[in-house]
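Below: one structure, written as structure tokens.
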Amino acid sequence: MIGENIEKIRKSIPEAVTIVAAAKQRSPDEIREAIKAGVCCIGENYIQQACSAREAIGDKAQWHFIGHLQKNKVKLAVSLFDMIETIDSLSTAQALDRECQKINKKMPILIEVNSACEPQKSGVMPEEVEHFVAELMNFKNMSVCGLMTMGPWLSDVEKIRPFFKITKELFDTIALKYPGNKQWKHVSMGMSTSYKIAISEGATMVRIGEAIFGPRKGQKV
Ligand SMILES: *Cc1c(COP(=O)(O)O)cnc(C)c1O
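First residue of the sequence shown? That's 296 in my numbering, and the numbers climb one at a time after it.
In structure tokens:
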């Protein structure tokens with residue numbers, strides 16, 4: 296089932312788009328199956344789950360952190376992940392830079408954008424993103440690779456499109472400002488119900504859970 300789902304998604308999207316399998320609530324066996332079917336990036340929301348999954352599965356995939364990063368978990372996150380997609384505060388970035396330096400690692404990161412300016416959600420407000428990027432560029436132990444957004448929860452997914460558009464426009468504006476930063480190349484947006492819309496608005500990375508693994512039990516995140 297997982298293999299078929301991935302094949303179907305893969306066939307319907309451009310080759311250059313990276314699929315990140317959003318693995319919350321999934322067992323190591325399910326994650327292994329996704330990797331076997333060709334998924335090369337696994338997205339984890341919780342450090343603890345990521346620890347046990349990575350222990351079981353190892354380096355057969357790239358591990359992306361896609362949850363909210365608490366400062367007291369930064370040290371673990373630095374050792375566990377190959378990319379952190381959700382940087383939205385300067386103090387967390389500072390802590391990350393420090394921990395990376397200790398183990399001589401350069402961490403690829405994305406900045407989470409609160410593209411619909413929802414007060415209860417994490418992410419940097421769109422009008423603050425340019426300034427935030429400028430500050431992050433000063434850190435030596437992280438590689439600033441682009442933007443990530445969740446967008447709002449809307450049952451009519453077409454209504455999410457404007458927020459994907461805003462995020463891509465910000466990405467392009469910043470790309471023009473830093474032509475020397477060859478790592479600035481990712482826009483992570485779109486989930487199970489919205490990935491096609493996100494890709495048509497310029498997503499280079501989509502984070503897909505249920506459309507790969509089937510419905511989740513209980514709460515959404
Ligand atoms: C769960 C999750 C996804 C994937 O959601 P689906 O609706 O299962 O595709 C994507 N991004 C983040 C941050 C998530 O937590």
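Positions of the beta carbon are idealized from the N, C-alpha and C atoms, including for glycine.
#### Entry: Cβ neighbours of Ile470 in the same chain (closer than 7 Å, five flanking residues each side left out)
According to the sequence provided, residue 470 is Ala. The question's Ile does not apply to it. Same-chain partners within the cutoff: Trp479.
### Query
Would DSSP call Gly353 helix, strand or coil?
It is helical.
### Met500: CB within 7 Å of a non-hydrogen atom of ligand 1
no
### Message
Could you check whether Val439 and Met432 sit closer than 8 Å to each other, using their CB atoms as the reference points?
### Response
Yes, Cβ-Cβ distance for Met432 and Val439 is below 8 Å.
### Query
In the DSSP assignment, what residue or residues form a beta bridge with Phe360?
Glu339 and Ile379
#### Entry: For Val312, three-class secondary structure by DSSP
The three-state secondary structure of Val312, taken from DSSP, is coil.
### Message
Is the separation between the beta-carbon of Glu430 and that of Lys460 shorter than 8 Å?
### Response
no
### Query
Going straight from the alpha carbon of Asp324 to that of Ile297, what length do you get?
11 Å
### Message
Does the distance between the C-beta of Asn340 and the nearest non-hydrogen atom of ligand 1 fall short of 7 Å?
### Response
yes
### Message
Would Val419 and Met443 qualify as a contact pair, given that the criterion is a beta-carbon distance under 8 Å?
### Response
no
### Query
Between the C-alpha atoms of His359 and Gly333, what's the straight-line distance to the nearest angstrom?
Linking His359 to Gly333 through their CA atoms gives a straight-line distance of about 16 Å.
### Message
Given this structure, state the Cα-to-Cα distance separating Pro368 from Arg349, to the nearest angstrom.
### Response
One point to set straight first is that residue 368 is Lys, not Pro, in the sequence displayed. Cα to Cα, Lys368 sits roughly 16 Å from Arg349.
### Cβ-Cβ separation, Phe508 to Arg321 (assumed contact under 8 Å), whole Å
Right, their Cβ atoms sit about 5 Å apart.
### Query
In the DSSP assignment, what are the bridge partners of Arg502?
Val315
### Reduced DSSP secondary structure (H/G/I, E/B, other) of Cys440
strand
### Residues of its chain near Ala372, where Cβ-Cβ distance is below 7 Å and the 5 sequence neighbours each way are ignored
Ile342, Phe360, Leu364 and Ile379
### Query
Would His426 be called buried (16 or more neighbouring beta carbons within 10 Å of its own) or exposed?
exposed
### Query
Distance, Cα to Cα, Lys366 vs Asn340?
15 Å
### Task
Measure from the alpha carbon of Thr462 to the alpha carbon of each residue in Asp377, Ile352 and Met500, then state which is nearest.
With distances taken between CA atoms, Thr462 lies nearest to Met500 out of Asp377, Ile352 and Met500.
### Task
For my contact list, Gly504 and Ala317 are in at a C-beta cut-off of 8 Å; report their separation, rounded to the angstrom.
Right, the Cβ-Cβ distance comes to about 4 Å (below 8 Å), so this counts as a contact.
### Query
Does the separation of the CB atoms of Thr381 and Gly362 fall below 8 Å?
yes
### Task
Please indicate yes or no: does the CB of Ile330 lie closer than 7 Å to some heavy atom of ligand 1?
no
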